[in-house]
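All residue numbers in the sequence shown are consecutive under our numbering, ending with 1114. We put the CB at the ideal spot given by N, CA and C, even for glycine.
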Amino acid sequence: MSAQEGTTMHAGARKRCHALPLLLVVWLWAGGTPLVAQLQSGRILGSVSDAQVAGIPGATVTVTNLATNLSRTVVTDSQGNYVVTPLDPGTYRVSAVLEGFQKTVRDGIVLTVGQSARVDLALDLGTISTEVQVTADVPLLNTESASLSQVISNEQIVDLPLNGRGFHELARLTPGATLLAPTGNVQTVRPEAVNGNVIGGVSGWQTRFLLDGVDITEEHQGGTWIQTSIDALQEFSIQQNAYSAEFHGAGGTFNATTKSGTNAFHGSLFEFVRNDAFDARNFFAQTKEPLERNQFGGTLGGPLWIPGVYNGRNRTFFFVSYEGQRQKKGNVDVSIVPTAAQRMGDFSGLAPIYDPLTTVPGPSSSGAVRGQFPGNVIPQDRLSPQAQYFNQYIPLPNSPDGTFVSTPTTEFDANQVTIRLDQQITTNNKLFARFSRHQTAEETPSAFPALGSTRLEGPAWNLAVAMTSNLGSRMIHELRISRMYGEYRSTAYFQGEGTRLLQQAGVTGLEGIQDPNIASLPAFSFSGYEGFSGNAGDGRPKWQDRGEYEITDNLTWIMGKHILKFGGRIYRRNILFTDARSHNGVFDFTGVMTQNPSSASGTGDGFADWMLGYPANSTRSNPATWWGGSGTYWHVFVQDDLKVTNTLTLNLGLRYEFTPWLTGYRNQAAAFDPSRDRPIIVSSKTDQIDLDAQPLADVGSALFGDLIQTSSQAGVPLNLTATDKRQFAPRFGFAWRPYGDRTVVRGGYGVFYESEGTSGRLNFHFIPFSLSESVSATQNVVPTRTLEDFYLGAPFGASVGTVNWNPLPLNASMGYDQRWNLGIQQELVGGTMLELNYVGTKGSHQQQAEPINIPEAGPGSVQDRRPYPRFGNVSVHSQALSSDYHALQAKLQRRASAGLWYLVSYTFSKSLTRQPAPEAGGNFTYDRGPSVFDVPHSLALSFGYELPFGRGKPLLGDAGGLAHALVGGWQLQSIVNYRSGLPFTPTISRDVANIGVGGQRPNRIGAGKADNPTLDAWFDKSAFAVPDEFTFGDSGRRILRAEHQWNVDASLFKQFAVTAGSTLELRAEAFNLLNSPYFAAPNTQVDTAAGGRVTSTSNEARQIQFALKYIF
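Okay, structure coming up:
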């Protein structure tokens, strides 16, 4: 199916929106000063008073952005209070003036993303012409809200060592955040592979990403759609608990803003270089993998100025950035391949192989016997023509040890562009627009050269437009529109056509389900040898097409002691996928056909089975089809920020979210309802299945006709899952200054609903829309199924025995978190702030696959003992997961002064989950345990320090020109992290309970933790025992831990003056500077020799890169 067809289908998938009444809740009290909560903008507020600290009404307050010279003017209210909002992050001047008083000006007010900066001004009696300059930093304290967040400035973003130049990695600087490896089927060609940002005890899949106030979260896998160059970011904040009702989502939030142009032209050019010559070898590797990486780009910003035509100073500003990456990463691939003799049927000197055509019943009542091939050689007339045909794609050994060694090089290219425009239309109207595009491509050659390569591509773009209007002095309107689009494409570059090759080879049974556009071989696997499975020759074209629309409309109304903010968000999501299956067939050759049935151990050969043409198993799938869904979500909120007194602020909010589950593309959806006599529910507006929209319905009806009913018959909606209309999310917070401006006590509580994530598409890919048919050859008899005609002429779908399901239940609701915190901030001397918080999170009804077709432990056929024996594994994606998180979080922060800044974050926490676990017999006593991301201790230290060398410094202070140029002006920036090891669960290697589920647990008869863990014995296996047959073990979940992690990253750089307004920066960066291996969890099996062994690391060995930047 073509991309054009997919795009057309995508457009046709749109359905009508569900309307909701707008919730308007207004508290009406009198007098006072407010606080405005913004997604991305900040605000400056405060009071103007006289020498007796009495509020001065009617004073004119002007706030000026020093970079753009744009000003906002307001008048203080009856109590002398003022607020100016919304303001872009930047540096501001605040002035106050009133007849009879001297003018007071306060410069250098740095406003960060989403910040409420309090700036109080005092006016002295005198004339307006007299100006009083006040120099004082804005306090580090958050005196206006209960939200927990950490701002990362532009200087920190670009100066700290940042591997890969992805800003999300800086989340590890803040308390409560843990950066883990991505989970799930994340695609490496997309920046979305960052779903490991666990914040406040909530899974990284729920972390939100905002850019310039619009949501760029990739809902399907977590992470982001696009990645903006860090040189284009003004700053970002990591929000753990955001109690404004304006925020949605259950996890933490990355709230970033891009740079705006200014009245002066500024820009940069840069290149970062990495290669394996600078890197260390991985702890377990014999050699270093070849690597060449170049990251390069530049930025330019300023007023939009066309000589003689238009001068945009003080009005129109632009900012553009580009960043590219070119990477070549080699991999030494060692493959076990058959020799030339084996390709001729000669297996002499190897394990005995037996002739399957000589199979006869054994002398006893059970079993069979076979005769060995004479000389262990297969006769020439018995060699499979199909196997001989495909042998041309398997290389011969090329190394002394008989293996095939290749060094395929994966090439990765990335390009990202950001264009931003800011227009001050009038004094009261401002327009913002930004376009971002991120294009990535990765091409990976096969280990077998003849199989070509696979190319993955991930283009994505985002357009955001916003208008902010001041409707008088007390009302602000904000309209924001965003369009997001992204794709993921996989294409095989194979010198051949899979369909034609199968025909030439004489392989039958796959006619009618093949796609002639798929240039790939079947997936062939041979036990003990490298096969085609997973190689580029098996690269199936896959397509993911995702589009999102977002409109937010907010109104802020200043009313005495209150600021009321209310508004809404409409969000449209469309997703389309193609099957990611091998449509040219999967064939497994396991060696079972050439084994000795009466004594299988040490006999048989997978490649001998291949040369005879006797597969053990095969799978064929339906042709590539489009599937997916769409949905429209409505969110509304009201927020009241109440200034009860000058020292107490309350944040009161209520949010309502209408989040229906997606409706299937072309109404394709199927669910499983165990409570019904006919448990398969198929989406249909009538009592009949639409065979055009559901091409496999006839196959499904033939298999399960007596179990199928339509959604119309079942009385359920077309998306098969009822919408939960009770998603109210109250928010509350307070900030109290009991002892002046140096101490703040803050606390809050809120309810936050999860996004649907992967669950939203679970109903779209089952019978009758998609089907895989797996068939196994009968063993220990004369084989009848061959590679030439494995399916014996049977039509597609005729051999389907059981089907696995993982649908949504009919009454699924969105999970939600209750989150709270209570803490104190204390400003210390020297621009230093100490913060302590207790933080808690309770997750309820969270998404989890709940197995419902697992038999009780016992003897006999697993399938016959299932509750639904006509089905295989059925896991209803229910809301069966609950979680708890409790933490003490501490932060010590020093503002940059005298060449030094630092941020120290420490978290002592416990994260627990309770979830179904069939491997424990469904016994919830053993299901409650540490979450997969439970990290009891986490410490992060980041700092920047101007080294004390050179002119005017303590060391070599009298250095001359050359000496100063060499040793002076160097800066050191570093990130030091420590965290506890991640937990893991001890397991056994076999299905003792006989339930068809692996990973079962042993009995625990001791502590399990080794006194002196080593890489060969990380835990004490003698503390566990294999349970009796047909029983479950009693060991708990995740009771042991992997190694803790220490990591040090550092950057060293110096800027050399080129001209009066430009510098050249030379920098070096090291990641894992001390080359400390962070060992991964060991093999968890307690009953095998490999159990307890650590064989890999979870981090990279030391990496070093160099960079050159020109800044003007």
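Comparing alpha carbon positions, the residue from N808, V878, S1078 and A967 closest to V1060 is A967.
Taking 9 Å as the cut-off, the beta carbon of N199 is found no closer than this to the beta carbon of T219.
Take the alpha-carbon of K1111 and the one of A1070: they are about 11 Å apart. Under DSSP, the beta-bridge partners assigned to Y1112 are L271 and L1066. When C-beta atoms of the region 1030 to 1038 are compared with those of the region 1047 to 1054, fewer than three pairs fall below 8 Å, so the two segments do not count as touching.
I111 places its beta carbon 9 Å or farther from that of E237.
Residue environment for I130: exposed (fewer than 16 other C-beta atoms within 10 angstroms of its C-beta).
No Cβ-Cβ contact shorter than 9 Å links T289 with P305. Annotation for Y391: the continuous alpha helix (DSSP H) segment containing it runs P387 to F392.
About 6 Å separates the beta carbons of E775 and G799, which is inside the 8 Å limit, making them a contact pair. In the displayed model, H250 falls within coil according to three-state DSSP, outside both helix and strand. Checking the DSSP bridge columns, you'll see P305 partnered with F319.
Its chain contains N417 and P461 as the residues whose beta carbon lies nearer than 6 Å to that of Q441, once the 5 sequence neighbours on both sides are disregarded; these appear in chain order.
As computed with DSSP, H479 is found in a beta bridge with S471 and L557. Contact between R1040 and P985 holds, with the beta-carbon distance rounding to 4 Å and staying under 8 Å. In the DSSP assignment, R930 falls within the unbroken beta strand (DSSP E) covering R930 to P932.
Restricting attention to P918, Y840 and S1100, the CA atom closest to the CA of Q242 is found in Y840. The C-beta of A737 has 16 or more other C-beta atoms within 10 Å across all chains shown, which makes the residue buried.
Here A673 is buried, its C-beta having at least 16 other C-beta atoms within 10 Å. Between the region 747 to 755 and the region 717 to 733 there are three or more C-beta pairs closer than 8 Å, enough to call the two in contact.
Counting only runs of at least 3 residues, the region 400 to 424 fully encloses the following beta strand (DSSP E) elements, listed from N- to C-terminal order: 405 to 408.
9 Å or more divides the Cβ of A452 from the Cβ of N1074. Minimum Cα-Cα distance from K261 among the listed residues Q223, F249, D214 and S239 corresponds to D214.
For M613, the uninterrupted alpha helix (DSSP H) segment begins and ends at G608 to L614. When only Cα atoms are considered, T66 and V77 end up about 15 Å apart. In summary, F103 is buried, with 16 or more beta-carbon neighbours lying within 10 Å of its beta-carbon over all protein chains present.
When secondary structure is reduced to three states using DSSP, S714 falls in the helix class. If you ignore the 5 residues before and after Y487, its C-beta comes within less than 7 Å of the C-beta of A462, W463 and G549, all in its own chain and listed in chain order. Excluding five sequence positions before and after I483, the CB atoms of its chain that fall closer than 6 Å to its own CB belong to V467 and I553, given in chain order. When rounded, the separation of the alpha-carbon atoms in A1091 and A724 is 50 Å. Taking one beta carbon from each stretch, the region 907 to 924 and the region 871 to 891 have 3 or more pairs nearer than 8 Å; the two touch. The residues A247, F639 and A731, in chain order, have a CB closer than 6 Å to that of R657 in the same chain once the five nearest residues on each side in sequence are set aside. As computed with DSSP, D643 is found in a beta bridge with I565 and N653. Taking a cut-off of 8 Å for Cβ pairs, the region 473 to 480 and the region 360 to 367 do not touch, as fewer than three such pairs fall below it.
Taking the C-beta atoms as reference points, N71 is found nearer than 9 Å to N316. In the DSSP assignment, E459 falls within the beta strand (DSSP E) that extends over S455 to E459.
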